[in-house]
Each structure stands twice: as structure tokens, then as C-alpha cells.
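Protein chains in written order, with the numbering used here: chain A, 177 to 496; chain B, -12 to 540. The next block holds one structure in the form of C-alpha cells; read it before the comments.
The structure is reproduced here in C-alpha cells:
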């Protein structure tokens, strides 16, 4: 069959902007997009840069944006990847730093974030003589998380990363979950305190996009929610090593407990402290201009606030 | 110019295992690899890793079945080392965090792989290699072992005949740099990409094999190439033969379950060489290009649950539902039993140069490697090579800069050279096709002659070929060009070894010499580089406790 590929070309060192370059090629009916890319490089244009390795859908190396969707090029057949115009567009995935053409900085977008979660088993004590005796049910969640082939598509789908690329993101948090689900790991509290820091698990807005984008069915959003459950279950508050974050959450909870809803003025004051609240004046000024800062500032109790307060008391009694 | 005590070339399973062993011994070790560790080929290994850990199994039986699987071409001292070290090796993986499936008592669950009479393979669903690779990488991070990834090694650095480092190109910049070391371990993987189609990753191009051969190391049993019977239609992606262990059937065009003709007891569960040979006979003998893998009588839900990766491949590649349709498959080149000749510590014969994993012939696979022994071999001999390399005493190498400058000039000449008549891609493709047609599971003198002639022609064309990409950054055309040199070199040796061995044994079936001939050929073939091509000699097989006998399955 004849196919037209439109491939993103870009060399940041040469300047300019990424542009789609068209190639027309003859391919077998069952060819994959990766077959097409190799044909371009070997026969039409030796300067095209892209990565590929296992050619079996195992390694994640050829993750690209193909006809506007994130996929593995080796597992995508050309016949099913055409757009309405009959073309196949091939680009790097979004929100990554492009190094050349289809090659992007995975170290920055993925490996560095994974390395930040101390991704190695931290056993509690000396290992047994033989293998650990474990119920297979205990290891199933670990295996589920380890199905991950590090394609980065969950991070690409994430709602937070486009706005804050320092967020650990679902891929790294799934890696962290792999250890927190593992009964052989002895550092659960230490890990959860780390993940509770800013840019960690509490920055997830649970939009479930990661679950939609994960081609391995790992449901990273659910894994992040699992991490939060574990932290709550172990009584590990966010901001264990960051007083400002701890004050933020305490103030948040205290105001909802008292009035039934969030007192944003109190939140700002208690989070930042009197000494540093003046740093927020520009924000306050912009809010005022847009009519978002009511003057005089009032924070009345909401109807049913007592009932909300009782929920807090009930939960607090249950805590370990 | 980076300097380390031990430099490991290749950051796959064997390379990382070697690095961890050297690190544990206190050595300053680094890994250098053309791909990121998690993208290396061992991650695709699905079925499992053999270890006699269950009641009713023992390391001797594991050894006996490995030797029989190898069609008695394995060195039995090496096999005893392998099977004896196996239980400890998988337990170490458990302690590092590999989530092996458990049986109802909480111990390792095991599954049956082809050629074994006991369920001996510890496994992680159908992603055993994938899980092991991740955990080794985790340990490499924990140990803070430097990894130079996306560097293509092009040449060894030599001082008085000893290997004291390598020269490599950084893919990102095109920079050519020297890495010096007191010892170098090659763990670059096999060379199945010399065939087309193949289930091997794009990078499995025999770089380390060719590098060692060009440096003076011998290559052993290179004619022994394993074809996997379950290469799926299209790209040739390989489905795990645990599917056959589970009870999948292979059916020829006439609807006949043919494997029982070739292996009356085990049928499809016979070792890969026998099943692949049977398939090749059935396919070549008839008009059908593929045979059918029939899984319809198996529990579809169980199949999906236990083989999620595989189910996905079947769906996307062949476009069929294995619960309703048969899956079209054919034998494709998978692994190479042969490789760099090494002793049990990975020593190559070139001073300070070691090898392990796919690029080495660690002598345990002989004429046919069993499923589940490959991951094991990569780990056990990777560890041994890493330890041995770490024992090398420090030295201050001379003549590095001259060699680096020479290599820089050679690379620059390739990139800046004049436009020649053709490029590397089509030559590689022709090489792969002639290897598959003439040096496949079935060979004879005339097909091998044809292959030898063709490879000479391709090598001559390669000498005049050029690259069109003159850029420095991310010049993958240059990488592929250098890989083709390795492939041509390796292909030439495979053909020479296949011509030399005038018998049929394991994966090497000579139609013109159809019988195994222990009187003459219970020997390894050994190839050494000479100016006019490979010189072939032989070396006796080490027999300790398992006398060669007939091989029925």
C-alpha cells in the first residue's frame, strides 16, 4: 500500500520551529508505523532521528504521538493509524523537550522523576535464607505496577504536568507505589513522607487522564489514590518536612471543620505567616481588580457546618 | 576521558548483573550502552528462569535436561556451574524485589517450558525478563553505578595486546571519546539481527561479537542459531513458547498437528530446535507460508490473565482473537547459542577482555538452548565475569591518545566521505534475507555456498557504501552503518562454521549430513580471524557425567 507520513522535523541547535515533513512510501499491508519510519531513514532521508528498540511492544522506546494519539510506533499498524486525510502524522509526545526530530529528553521527563522516588527495594532486615514466603495475592499489585514499560503516556495525559513540569507525575508515582505495595519493602513510612512533599502525590488532581492514557491498564490515578490512602492509614500528614505545607493543610482542615467551607483569607495568613503575607500583595491586588476579593472580608458559617464538624470529629477519633 | 576500573559494554541483564558483582567487590565500575538499560533486549524474555527449587526436582536433573536439550554439545562443567548456581540466583532476585509468582504455599510457583520434564521455570506472569531488568536497574541506581547510555562503542583500546578500554560515539553529540579501564566486559547481546525477519531487538547486531573477533578472540559454535517457532505474521514478533507449554497446538496447512511426528512424546513441548525444524519442514514442504498456532481449546480467560502481553501482541499484530481463530506463525531467528569463546569466568583469551550473556558462548547452550536457561545464563555468567574483571589489577595504559585520534579520523572519514553508489539499509536487508533462506533451520552445502558468495558480494558493496547524513547530533544512520559492519562479519563466520560442521545437531540441520555424528563432531567449532577470512578449528566438548545418547522427545 502507499502511505503518506508527515513527520515532525526539528533541530533545536539549528534554530527554527518544528515542521511536518511529508514522505510518500510503499509499504506492505501489515506494516507498522515503525516499519515506515525505518524505511524513511534507510531509503529516503538518513537524517531522520527517532528511537526504537525491542519492536515487540515491551520496551516503550518508540513512544510517539501518532495521528494525534500517544502510542508505540512498533505496535501501531499504518492501516489503522491514518487520519481522515489518509495520512499518518508522527510527532514527539507533548510536554517534553525535543532533542531532534522525534527524539526527546526522556531523562528529564521520566528517568529523573523516577530516580527521585528512591526506586529500589529497602528491606526491613536481613533477607531469609530462601525466597520470602508470600501470598501471591500480595504480589499481584506489585506485578500490576511493574507491567509499566515506561512509555510516559500517563505523564503526557496528566492535567498537572503541562502547568507544572516539576510534578512527579503518574509514572514516577506508580513506580513509588510498586514499593509501597511490596510486603518486602521496609521503608513505607519514609517513602510516604517523601511523596507527601510538594510536587508529590497530593499535587495530583485525580482527573483520571492517566488511567485513560496508560496502554498497560495499570490505572496510575488509582495507584496515586492508593498511596494517599496508605498515608492517611498510617497517619502520615503531608508536609512532614515542610512546615509551610503542614500549616497549609492544617489551616485548610481547621477552617472547613469550623465553618463548613474554606476560609481563604485565614488559609493565606496561616500558611504564609504574618511576616511573609505581604509577599502575596500582588496576588491580592489582581484578585481585587477582578472582583474576587470581597471587601470587607467576611467568612460566615455555612448551613450545616455543625454536621461537617461532626464528620471531622468522627474521623479524628478513628486515627491511629 | 572517563576512567574506571571495570567498564561493562552493554547495560542489559547480563551487563547490569556483571556491574553489580564488580561493585560489590568494591570496584569502580561503569556501564556503557547504546540504549537505556530499560530498553535492552532481555526485557522481552517472557517465559521464565530455570532453577531446581521445587520438590521432586534437583540441579542434576536440570543439568541432564540442559545437556540433552543442547544435543550434547554443551560443556558439562559449565552446565553444572549454571544449574548449581540457579537456586541462589533466583533467590537473590527475590531479595532484590523481583515479584515472582507464588504457589499456594507461598513459595516460588514454577511453570513447564519446552524440553523440561519438570515445571522448573520461576516466572513473573509473562514478563519475567521485563521484571528482572527493572529490578537490576533499580539496584544499579541504588549502587550509583554510572551509566553512559546512548553511546555506541566502536573499537577496543589496546595496550600490548590487552584490552584497556573502548572508543565510543555519543549519539547526542557525535563526540568520539575514549573510556579507559583495567578490564572490559562485553555484554552486548547476540546477533540475531543478521537474519530477517527476527524477533530480536533492533540493536541485537553482534557488535560485541564482531569487536572481540576483530581483536583476536575466537568465536565458538557460531553455526548454532536458534529459531523460535512462534514468530507471528508480520514483523516476526515472538510469542512465548509457554503457550505451547500450556497446551497450544501447531497445525500445518493440511490441518494436521504435525509436532508429534517429530517428537512423539512431548510434541509441541519439545525443545525449540526440534519444533522449529518440524515447522520449517512443514512450511517449506507445502505452499503455506505460515503454520497455525491453535489456542482455541484453552481457557480464553486464563490465557488473557496469565499472558496479558502476549494476548495484546496477538491482537494488534495478527489481528485475530485467539479464542476464535488460529494465529499465523513461522520460525524466526531468535538467539545465538554461539558467540565469543570464553571460560567459566568470561575470559576471552584477549587479556583483560571478558564477555558474558548473549554475545558470549558460555558453553551451556551447546546446539540448542532451553527456554528458561537464557535469563539464568545471563545472570550467572554475568556475575562471574563481573567478579573476574574486578580482580584485574590496575594499570596505566599507554598509547590511548593515538588510538583515539585514529578512530576519530576513521569515523570522520565515514561521515564526511564522498557519496557512494548505495547505502547500508538495503545491504543489511539483503544480508538478512539470504541468511534466512540459505542458513535457516535447514541448510546444505549448496545453500551455504550461495550464502558465502552473497556475503562476499555484500561486503564488497559495503566497502563502497556511504552515509548521506553528515550531521553530528543523533546520527542514527552512522550507527546503523557501523552495525552493518558487525553483521557482515558475524554472518561470514556463521556461514563458515555451518559449512565446517558436516553433521546435524540441535539447531544445525544439514540436509546433506542428516545424522548426528558423535565420533567426529562431538566438538565445538572455533573460528579465528585470518586475513582471508575465518579459520575453522575444533575443540573437544567437556563431558563430566552425562554420556551422549540418542535424543528423543
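In this text, a Cβ means the ideal position worked out from N, Cα and C, and glycines have one as well. Note that the structure is predicted; figures quoted are calculated from it, not measured.
Subject >> For residue 288/B and residue 281/B, the rounded distance between their alpha carbons >> reply: Within the second chain, numbered from 1, the residue matching residue 281/B stands at position 294. Within the second chain, numbered from 1, the residue matching residue 288/B stands at position 301. So the alpha carbons of these two residues sit roughly 15 Å apart.
Subject >> Given 8 Å, three or more beta-carbon pairs between the segment 326 to 335 of chain A and the segment 346 to 355 of chain A >> reply: Counting C-beta pairs closer than 8 Å gives three or more between the segment 326 to 335 of chain A and the segment 346 to 355 of chain A, which meets the contact rule.
Original post:
Where do the ends of the alpha helix (DSSP H) carrying residue 403/A lie?
Top reply: Position 227 of the first chain, counted from the start, is the residue given in the question as residue 403/A. Here the alpha helix (DSSP H) through residue 403/A covers 396 to 409.
Original post:
So, using beta-carbon positions, are residue 118/B and residue 85/B closer together than 8 Å?
Top reply: Counting from 1 along the second chain, the entry for residue 118/B is found at position 131. Counting from 1 along the second chain, the entry for residue 85/B is found at position 98. For residue 118/B and residue 85/B, yes; Cβs fall inside 8 Å.
**OP:** Keeping to the same chain, check which residues put their C-beta closer than 8 Å to that of residue 430/B; ignore five residues upstream and five downstream.
**Re:** To locate residue 430/B, count along the second chain from 1; it is residue 443. Excluding positions up to five away in sequence, the list reads 485, 495, 496, 497, 498.
Original post:
Measuring CA to CA, which of 357/A, 404/A, 482/A, 411/A is closest to residue 380/A?
Top reply: Residue 380/A sits at position 204 when you count from the first residue of the first chain. When 357/A, 404/A, 482/A, 411/A are compared, the shortest CA-CA separation from residue 380/A is found for 404/A.
Original post:
Which residue comes first and which comes last in the beta strand (DSSP E) that contains residue 493/A?
Top reply: Position 317 of the first chain, counting from 1, holds the residue named residue 493/A. Counting along the chain, residue 493/A falls outside any beta strand (DSSP E), though it belongs to the alpha helix (DSSP H) covering 481 to 494.
Original post:
What are the boundary residues of the beta strand (DSSP E) that includes residue 197/A?
Top reply: Along the first chain, one-based indexing puts residue 197/A at 21. Here the beta strand (DSSP E) through residue 197/A covers 195 to 202.
Original post:
Considering only C-alpha positions, which residue in the set 76/B, 350/B, 371/B, 284/B is nearest to residue 512/B?
Top reply: The residue you call residue 512/B lines up with position 525 of the second chain. Of the candidates 76/B, 350/B, 371/B, 284/B, the one whose C-alpha sits nearest the C-alpha of residue 512/B is 350/B.
Subject >> Contacts of residue 128/B in chain A (Cβ-Cβ under 9 Å) >> reply: In the second chain, residue 128/B corresponds to position 141, counting from 1. Using a Cβ-Cβ cut-off of 9 Å, residue 128/B is close to 290, 291, 294, 295, 296 of chain A, given in chain order.
Original post:
Mind pulling the chain A residues with CB within less than 7 Å of residue 114/B?
Top reply: Position 127 of the second chain holds residue 114/B. Residues of chain A whose Cβ lies closer than 7 Å to the Cβ of residue 114/B are, in chain order, 323.
Original post:
Using a Cβ-Cβ distance under 8 Å, would residue 208/A count as near chain B?
Top reply: As a working note, residue 208/A is residue 32 in the first chain. Among the residues facing chain B, residue 208/A is included, as its CB has a counterpart in that chain under 8 Å away.
**OP:** Under 7 Å Cβ to Cβ from residue 285/A, same chain only, skipping five residues before and after it: list those, please.
**Re:** In the first chain, the residue the question calls residue 285/A occupies position 109. The beta carbon of residue 285/A is closer than 7 Å to those of 272, 328, 331 in its chain, skipping five residues each way along the sequence.
Subject >> Proximal chain B residues relative to residue 119/A, where beta-carbon distance stays under 7 Å >> reply: What is shown of chain A runs 177 to 496, which leaves residue 119/A out entirely.
Original post:
Using DSSP with H/G/I as helix, E/B as strand and the rest coil, what is residue 97/B?
Top reply: As a working note, residue 97/B is residue 110 in the second chain. DSSP, reduced to helix, strand and coil, places residue 97/B within a strand of the structure shown.
**OP:** Could you name the residues that DSSP lists as bridge partners for residue 111/B?
**Re:** Taking the first residue of the second chain as 1, we reach residue 111/B at position 124. According to DSSP, which records beta bridges pairwise, residue 111/B is partnered with nothing at all.
Original post:
If the cut is a Cβ gap below 9 Å, which residues of chain A does residue 455/B touch?
Top reply: Position 468 of the second chain, counted from the start, is the residue given in the question as residue 455/B. Neighbours of residue 455/B in chain A, taken as residues whose beta carbon is under 9 Å from its own, are 221, 222, 223 in chain order.
Subject >> C-alpha distance - residue 459/B paired with residue 160/B, whole-angstrom precision >> reply: By 1-based counting over the second chain, the position of residue 459/B is 472. By 1-based counting over the second chain, the position of residue 160/B is 173. Distance between the alpha carbons of residue 459/B and residue 160/B: 6 Å.
**OP:** Return helix, strand or coil for residue 315/B, following the three-state DSSP convention.
**Re:** The residue you call residue 315/B lines up with position 328 of the second chain. DSSP places residue 315/B in strand when its eight states are reduced to three.
Original post:
Along chain B, which residues have their Cβ under 7 Å away from the Cβ of residue 228/A?
Top reply: Here residue 228/A corresponds to residue number 52 of the first chain, with the count starting at 1. Per Cβ cutoff of 7 Å: 189.
Original post:
If you drop the 5 nearest sequence neighbours on each side, which residues of the same chain put their C-beta closer than 8 Å to that of residue 225/B?
Top reply: As a first step, residue 225/B is located in the second chain; it is residue number 238 there, counting from the start. The answer, listed in chain order, is 31, 186, 215, 217, 218, 219, 319, 321.
Subject >> Distance, residue 354/A Cα to residue 311/A Cα >> reply: Reading the first chain from its first residue, position 135 is the one you call residue 311/A. Reading the first chain from its first residue, position 178 is the one you call residue 354/A. Straight-line measurement puts the Cα of residue 354/A at about 16 Å from the Cα of residue 311/A.
**OP:** Taking only the alpha-carbon atoms, compute the straight-line gap between residue 413/B and residue 248/B and give it to the nearest angstrom.
**Re:** Within the second chain, residue 413/B is the residue found at index 426, counting from 1. Within the second chain, residue 248/B is the residue found at index 261, counting from 1. Taking the straight line joining both Cα atoms gives about 39 Å.
Original post:
Sorted by chain position, which residues of the same chain lie with C-beta nearer than 6 Å to residue 358/A's C-beta, five sequence neighbours on each side aside?
Top reply: Taking the first chain and counting its residues from 1, one reaches residue 358/A at position 182. Counting only Cβ-Cβ distances below 6 Å, and skipping sequence neighbours, we find 318.
Original post:
How about residue 17/B and residue 156/B: are their beta carbons less than 8 Å apart?
Top reply: For the purposes of this step, residue 17/B is identified with residue 30 of the second chain, where counting begins at 1. For the purposes of this step, residue 156/B is identified with residue 169 of the second chain, where counting begins at 1. No, the pair does not count as a contact, with Cβ atoms beyond the cut-off.
**OP:** Have a look at the DSSP bridge pairing and note the partners of residue 184/A.
**Re:** Within the first chain, numbered from 1, the residue matching residue 184/A stands at position 8. According to DSSP, which records beta bridges pairwise, residue 184/A is partnered with 196/A.
Original post:
Just reading off the beta strand (DSSP E) that residue 223/A is part of, what are its end residues?
Top reply: On the first chain, position 47 is the one that residue 223/A refers to. DSSP places residue 223/A in no beta strand (DSSP E); its state is neither H nor E.
Subject >> Euclidean distance between Cα positions of residue 111/B and residue 202/B >> reply: Mapped onto the second chain, residue 111/B falls at position 124. Mapped onto the second chain, residue 202/B falls at position 215. Looking at the two C-alpha atoms, the distance is approximately 39 Å.
Original post:
Does the segment 225 to 241 of chain B come close enough to the segment 260 to 270 of chain B that 3 or more CB-CB pairs lie under 8 Å?
Top reply: Yes, since at least three Cβ pairs between the segment 260 to 270 of chain B and the segment 225 to 241 of chain B fall closer than 8 Å, the two stretches touch.
Subject >> Burial state of residue 55/B, where buried means 16 or more other Cβ atoms lie within 10 Å >> reply: As a working note, residue 55/B is residue 68 in the second chain. Of the residues assessed, residue 55/B falls on the buried side of the cut-off, its CB having 16 or more other CB atoms within 10 angstroms.
Subject >> residue 560/B to residue 224/A span [Cα, whole Å] >> reply: Because chain B in this structure spans residues -12 to 540, residue 560/B falls outside the shown range and cannot be described.
**OP:** Decide yes or no for the touch test of the segment 302 to 310 of chain B against the segment 332 to 347 of chain B: beta carbon pairs closer than 8 Å, at least 3 of them.
**Re:** Three or more Cβ pairs closer than 8 Å define a contact, and the segment 302 to 310 of chain B falls short of that threshold against the segment 332 to 347 of chain B.
Subject >> Neighbour-count burial assignment, residue 389/A, 16 or more Cβ in a 10 Å radius >> reply: In the first chain, residue 389/A corresponds to position 213, counting from 1. In summary, residue 389/A is buried, with 16 or more beta-carbon neighbours lying within 10 Å of its beta-carbon over all protein chains present.
Original post:
Which residue comes first and which comes last in the beta strand (DSSP E) that contains residue 524/B?
Top reply: In the second chain, residue 524/B corresponds to position 537, counting from 1. Where residue 524/B is concerned, the enclosing beta strand (DSSP E) stretches over 520 to 527.
**OP:** Below 7 Å between beta carbons is the criterion; list the residues of the segment 426 to 445 of chain A that meet it against any residue of chain B, in chain order.
**Re:** Against chain B - using a Cβ distance shorter than 7 Å - the segment 426 to 445 of chain A contributes no residues.
Original post:
For residue 360/B versus residue 258/B, is the C-beta spacing smaller than 8 Å?
Top reply: Position 373 of the second chain, counted from the start, is the residue given in the question as residue 360/B. Position 271 of the second chain, counted from the start, is the residue given in the question as residue 258/B. Taking the C-beta atoms as reference points, residue 258/B is found no nearer than 8 Å to residue 360/B.
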